[in-house]
Structures are given as structure tokens and as C-alpha cells.
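**Q**
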Amino acid sequence: MRPCLSIALAAPTTPRSLSHFLALLYKEAIAGRRSTREQEARLFFFFSIFSPTIATFFLPATRLSAVQIRNCKRSTLLLLLVRRRLLPLLRRQRMAVLAAPVVAAVLLLTWAAYGEAQYVLYKDATKPVEARVTDLLARMTLAEKIGQMTQIERQVASPQVLKDYFIGSLLSGGGSVPRKQATAAEWVSMVSDFQKGSLSTRLGIPMIYGIDAVHGHNNVYGATIFPHNVALGATRQAALLSPRFAKLLPFFTNREIRFCLMFLSRDPNLVKRIGAATALEVRATGIQYAFAPCIAVCRDPRWGRCYESYSEDHRIVQAMTELIPGLQGDVPANFTSGMPYVAGKNNVAACAKHFVGDGGTQNGVNEDNTIIDRRGLMTIHMPAYLNALQKGVSTVMISYSSWNGIKMHANHDLVTRYLKDRLNFKGFTISDWEGIDRITTPAGSNYSYSVQAGVLAGIDMIMVPNNYQSFISILTSHVNNGIIPMSRIDDAVTRILRVKFTMGLFENPMPDSSMADQLGKKEHRDLAREAVRKSLVLLKNGKTSDKPMLPLSKKAPKILVAGSHADNLGYQCGGWTIEWQGDTGRITVGMTILDAVKAAVDPSTTVVFAENPDADFVKNGGFSYAIVVVGEHPYTETKGDSLNLTIPDPGPSTVATVCGAVQCATVLISGRPVVVQPFLGAMDALVAAWLPGTEGQGVTDVLFGDYGFTGKLPRTWFKSVDQLPMNYGDAHYDPLFPLGFGLTTQPRTY
């Protein structure tokens, strides 16, 4: 005999015992089958119609959540109110016929509202992501969908704006901060306030906050600033060849041997660790989305974003996509390429950018035209995106540039047919800052067309970033008028929601204030210091090969440190640091190269700093040697485009003056190769230090021999700008220093 039937046969008749009986029957009902929470809630409602008071008896035995239990109790109170107000009408014979349908209607409406309030599939974290996306999408209005496609700058946002317009994403542009030198707590407070606005909407869809964390959390004061990508592309270590491989060397040319060594020696694990540290620092400020990595293949150093590229060779760039699992976490076994993936709340969504060909524009002009056939585009500029998709990159940012005259922001063939359809990318695409505006010339001259062209090309989220009301109005009109089909809107929103569900944003929408100590953490600074010393490339060491200058002695009696970049943290970090274009001076927390020299040498050594000394001062100073630190001033994007690639004044005169009077080691701070051949003869040693970031001690670690030089050039160093563009493998390849070049030293024992 079934348990529930045995209970029924022994059913008591008194009101008190009847309530007990109904409770037991309820328990048996849910125990005798695999009931869902929704079924339990509806069964509770059925019983509560007859006896609302029994809820307190059996409710704790259910598997309902705390929220569902609270809603059950509210429904019980509602039913008691219904019984108290309407059931007396039933006792009046004249009102019985009228009241019965009213009671039935109220109960049915309450039933419907109760079922909706008790269980919403998209809020159930146990359900598959795709089921949650489908459920939520079906509940959304057009306004809510278009809001999800809209990303706006924090300076034009407020919690009310997010609520009223259902905004799906916020960002901080370069230098956009709560206040100068804002703490992690202040960032968390700001993000929390915005998120509360999003969660207060009808459906409670959390917003995702993006920021350009391109070499650490570089917008934030006190964050660890890692070397820029061009430096990380140089961090490949010298390889140890097996005896079996060594036997084959006589059969290869010198060029082939160098090429093999160059790619056997790469060290992408360092980049992965940098990604993980960056993710923690970004999360420390409450932000969940980093516009990184840039996987451009810079083919011309005259481009102002060349330092954002790891290399001129796509194979090095492909290897460095390990930043993605650093930021997002390692994808699980049997992962499907193209799906977005974020491991948890200690990770952030990554963004592969800028799709595609941004590093190949004519003469290195930013946002210009990349003229190359399809095979060249696919073999040089596209490969790293395949690696990015295999590693679960969540988003892809579209490039400002054009391919053979077609703006990438309007290129349906590459964005939709190739990236989404052929490569099976299931995350979301995002425009660059005002990227759709620049579809037209001049930018913004026909914004209605730009919205139409960008969305139909396949861009899912638009980085508006300021004029959001106009964007929302125009896109809404295009949909209502049939210019943009609802299917395109649904595709975009599906992708955005998929990323948000995948990264756990619905379960953990609010910042975690306990992570504040991750910002500028010592372990992260130690990692940045490691990256600096591994990225330095030794281009010259001694006037003759048998008399190397490096490593330097820490016990020299008197040392001169000179140059505009020796004691300038802003110059040392470069663009995309604190401000969009970077800045000069002590712009954040860190150690300049001068600071590092003073910390490295013996206490008995005198260190003299003169930014631009005259010849007599140098000659008569009694210096054992000099360290000259010069280079480029900070720049970003178009402001960095250069046709001459010369070292800014007074850099060349400082090198000539100091190196003409005393033995000197020149440390070059730059985002790319620059003209050095005219000064090379005067230098005793030349070190390409790139844009090393906040940890200047990484430079002195190798200058003074605590570690050896191991870095290799990630791009070709030209003799003259007249040779450009010139890349490894070109027929006219005649460099000053070839791709993969780098002298080595051994650590010094003190």
C-alpha cells in the first residue's frame, strides 16, 4: 500500500488533526516523486487555499529557497485577507451567485502571480545558460533589449539613467575615474551604486562594467603597471636544445636556425600570470570586464598603437593570447571553441581587439586602410583570433580601420559571416569608442545610417558612449520601421546575456569589497618586475665584443645618471596610464629607474643625477660610468603616429654629451624601434627597455647583473625610416637588428 494512501485511510476529522493530516499528505506528495521547486510551490498554494495556517507547519520541510518561502508567506497572508473580506459575502444568499465568480477570479489571479513570483527560470543558477538566456529574452521588451546593446560612459551615467533606459553596460574611458587618486573602495562604491540602478529594473538584469586594463589596471592610481605588450613580446627565453635537435643544425641556414630558436623560446606563461594578476586588480575595484588583449599584428612601427601589439609576427602574437586564460581562467576539458568563458568572480571577461587588420594600415596611419588580399589578411592578421576563440574569449572589439576600403564597423562579411558563422563565435562583439560614428566621413555626419550599418554588420554592443538617447531612439525607430529585423536584435541580446550568465553576473552582480587589497599587491609588483627584466633587449654591449660594459659594477665610487626619462614615472609607463595619453612625473605609485639605481648600488657608491648635463660637468665629475635614460614621450593612438620615429629632444644631445665624455650605457624607453644608428657608435651599451611600467627595479636587476639579459626583439629594428614598412621575410629585409635579435649576459656574483 502506498504511504499517502495509508495516511488517507486513517485521515482524522478534527480541524487540528486535519491540518496535521494535510501537512503529512503534502510531505508524502513531494517525497513520492521527483518534484521541482515550482511544483512544490504550486502544491503549497493548493493546500493554502483550504487552510492558510498550515503553511507554518510544513513550509520548513520543503526545498524552497528563502526568497520562495518569504513569497509563500506573503501569499498566505493574501489568502487570509481574501477569505476575511470576500467569504462573508458567500453567507448571504443574495450575494452567493455574484461572489463565487469573484472569489474564483481573485484566486486564479493570485495563483498566476504566485507562480510567477515563486519561480523564474532565468534566475535559477542550476539551469543551463542557454535555457536561462531563452527564458529571459522571451520576457524582454524592445526597450529592454536595446538597452542591453547600449554601453555608455560613466560620466553621463547615473543609477536612474541605468534604470530608465535599461542600460546594459558602462565603461571608463582613458582617465575617467571617480576622482583623482581614487581608492579601490571608492571605485567599488561607484560601481555598486550603478549596479543597484540596473538591479532595480523590472527584470533585474545586471550591467557589465568595462575598462581599458591593457597593461595592468592602468586607469587606477596605485595599481601595478606592467610593461606594454611590445615588451612582453620580447620575453622569450633562450631555449635549451636537445642533442637530437642539435645534430640537425648543420642542415639549416643561419637564418633558419635563428627563426627556429626564436619561436622555440617563447614564454607565454608569464603573460598568463600577468593576466591573472590584472584580473584580480580589476575585480578589486568592482569592475568585471577588461578591454584586453590587443592582438594586433603591427606591420609598421610608424603606427601610434604599435606598442599595444606583441610583435610583427603573428606566431608571437598567437602565443601571447595566453593573457586570455589569465584574465578569464582556463577553459574546461572538451570546451567548444567560440563559446565565451569566465571561470568565476576572481576573473574578468576579456576582449580580443581590434578585429581585424588594425596593425596593417598604410604607412602605419591609425584607423586607416589596410590594403591586403584575403589570403594575406587570413594568414597575418586573423590567426590570433582563432587562438582567442579556442581559449574562450568572451568579447571581440571591432577595429576602426578599413579593409580594402570597407570600414570594419560596417563589414558584415567579416563580422557576421566569418567571425560569427564560420568561426562559431558565440560571445558578443562590441564597437570601439564612437566606432559606428566613424563609418561615415566626417564622423557622425549620418548617425542614423551609422547605427543601421553597424548593427546590421553584426555589432552587438555599441560603445556609444555619450549620446545614448539618440542611439536608443534611432535604433528603436529602425526596428519599428523594419529596417533592422527583430532577429538581429535578438541575436545581439542573446550574445550579451550569454556572457553575463556565463560569468556568473546574475548570481554575483555586486562588487566584493574584500578584494581591495589586491590592488598594487606586492606579489603583483614582483611579477611586473620579473616581466621587466625578461623583456629588456641588449642591443650593444661594449665598443668591441671582447670588452663588454654590462653588467655594471655596484661598487663603483661615483655614478652619473642622466636623461629626461631617468626619474619620470609617467614617461616610464607610457600611454594608457592614469590618463588616456599618459602623463609626466610621479603619476602613480612606483619606482623610477633613478630610484632603482640608488637602491641597487653599494651604500658607498655616490649616485649623481643630472637630467641634461653639459660636457664640462661630465668630464670633470670623476664618474666611473654613466647611465643615460632617454626615449619617447607618452602617446596613444593617432597622437602617436610618426613619420620620422626620432628620439625627442634633448635625448640625442644628452646621449652625445654624456657618451662623448665617459663610458655610458644607454637605456632607451620607447614603444617601438626608433632611429638610433647615428648615435650607436658613441654608446658603449644600448638597452631597449620599451615601456616598462612602474617597477623600475626590473631594469637595474639586469643592468647590475643580478639576472642576465635574455630578451629578444619582437620586431625588426630598422636602419632608416625609408626602409619602412619592413618585416621579417620581406625581400628587401636589411635591418639594423633583425627580429629575434638580443645579446645575452650571465648573472654577476657579488
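Per my numbering, the sequence shown starts with residue -14, numbered consecutively. The beta-carbon is built from N, C-alpha and C at its ideal position, and this holds for glycine as well.
1) Per DSSP, which one or two residues make a beta bridge with residue 526?
2) Can you tell me whether residue 348 is helix, strand or coil according to DSSP?
3) Counting pairs of Cβ atoms below 8 Å between the region 289 to 301 and the region 642 to 661, do you hit three or more?
4) Report the start-end ranges of each beta strand (DSSP E) in the region 91 to 171 that is 3 residues or longer and not cut off at the edges.
5) For residue 705, which option in 727, 717, 668, 662 has the closest C-alpha, if you only look at C-alpha atoms?
6) Using the rule of at least 16 other Cβ atoms within 10 Å of the residue's Cβ for burial, across every protein chain shown, is residue 689 buried or exposed?
7) Closest to residue 303 by C-alpha separation, out of 121, 374, 314, would be which residue?
8) Is the region 614 to 623 close to the region 524 to 541, with three or more CB pairs under 8 Å?
9) Decide if residue 397 is buried, meaning its Cβ has at least 16 other Cβ atoms within 10 Å, or exposed.
10) According to the neighbour-count rule (16 or more other Cβ atoms, all chains shown, within 10 Å of its Cβ), is residue 154 buried or exposed?
11) With DSSP run on the structure shown, which of helix, strand or coil describes residue 664?
12) Quick one: any contact between the region 722 to 734 and the region 696 to 705, if contact means 3 or more CB pairs under 8 Å?
13) Have a look at residue 638 and residue 556 and give me their C-alpha separation to the nearest angstrom.
14) Kindly provide the ranges of any alpha helix (DSSP H) runs that are 4 or more residues long and lie completely inside the region 396 to 455, ordered along the chain.
15) Here's the rule: buried if 16 or more other CB atoms are within 10 angstroms of the residue's CB, otherwise exposed. What is residue 713?
16) Are the Cβ atoms of residue 181 and residue 491 separated by less than 8 Å?
17) Evaluate contact between the region 303 to 316 and the region 584 to 602, counting only Cβ atoms and requiring at least three cross-stretch pairs below 8 Å.
18) Alpha carbon to alpha carbon, how far is residue 350 from residue 623?
19) Taking the continuous beta strand (DSSP E) assigned at residue 653, which residues delimit it?
20) Would the region 197 to 209 count as touching the region 264 to 276 if we require 3 or more Cβ pairs under 8 Å?
21) Since residue 474 is in the alpha helix (DSSP H), which residue starts that stretch and which ends it?
22) Cβ of residue 156 within 8 Å of Cβ of residue 132?
23) Please go through the same chain and pick out, in chain order, the residues whose beta-carbon is closer than 7 Å to the beta-carbon of residue 138, but skip the five residues on each side of it.
24) Give me the Cα-Cα distance between residue 566 and residue 559, rounded to the nearest whole angstrom.
25) Is the beta carbon of residue 118 closer than 8 Å to that of residue 483?
26) Checking 8 Å against the spacing of the C-beta atoms, do residue 412 and residue 380 come in under that value?
27) Rounded to the nearest angstrom, what separates residue 188 and residue 687 at their Cα positions?
28) Rounded to whole angstroms, what's the CA-CA distance from residue 722 to residue 296? Just pull it up for me.
29) Answer with buried or exposed for residue 179, where buried requires no fewer than 16 other C-beta atoms within 10 angstroms of its C-beta.
30) Could you tell me which of 650, 660, 711, 391 sits nearest to residue 684, measuring between CA atoms?
31) Quick one: Cα of residue 602 to Cα of residue 677, how far?
32) CA-CA distance, residue 21 and residue 353?
33) Leaving out five residues before and five after residue 671 in sequence, what residues of the same chain have Cβ atoms less than 6 Å from its Cβ?
34) For residue 261 and residue 191, what's the separation of their Cα atoms in angstroms?
35) Just tell me which of 257, 221, 308 has its CA closest to the CA of residue 279.
36) Rank 126, 219, 199 by C-alpha distance to the C-alpha of residue 276 and give the top, closest one.
**A** Reading off the structure:
1) DSSP lists 670 as the bridge partner or partners of residue 526.
2) helix
3) yes
4) Runs found: 135 to 138, 154 to 157.
5) When C-alpha distances from residue 705 are compared across 727, 717, 668, 662, the shortest belongs to 662.
6) buried
7) Among 121, 374, 314, the Cα nearest to that of residue 303 belongs to 374.
8) no
9) exposed
10) buried
11) helix
12) yes
13) Cα to Cα, residue 638 sits roughly 18 Å from residue 556.
14) 432 to 442
15) buried
16) Cβ atoms of residue 181 and residue 491: not closer than 8 Å.
17) no
18) 7 Å
19) 649 to 654
20) yes
21) 471 to 487
22) Taking 8 Å as the Cβ cut-off, residue 156 and residue 132 do not qualify as a contacting pair.
23) 156, 158, 161, 450, 451
24) 8 Å
25) yes
26) Contact flag set, yes.
27) 56 Å
28) 15 Å
29) buried
30) Taking only the C-alpha atoms, the option nearest residue 684 is 650.
31) C-alpha separation (whole angstroms): 29 Å.
32) Residue placement at residue 21 cannot be trusted, given a pLDDT of 44 that sits under 50; the coordinates are not used to answer.
33) 524, 525, 651
34) So the two alpha carbons sit approximately 24 Å from each other.
35) 308
36) 199
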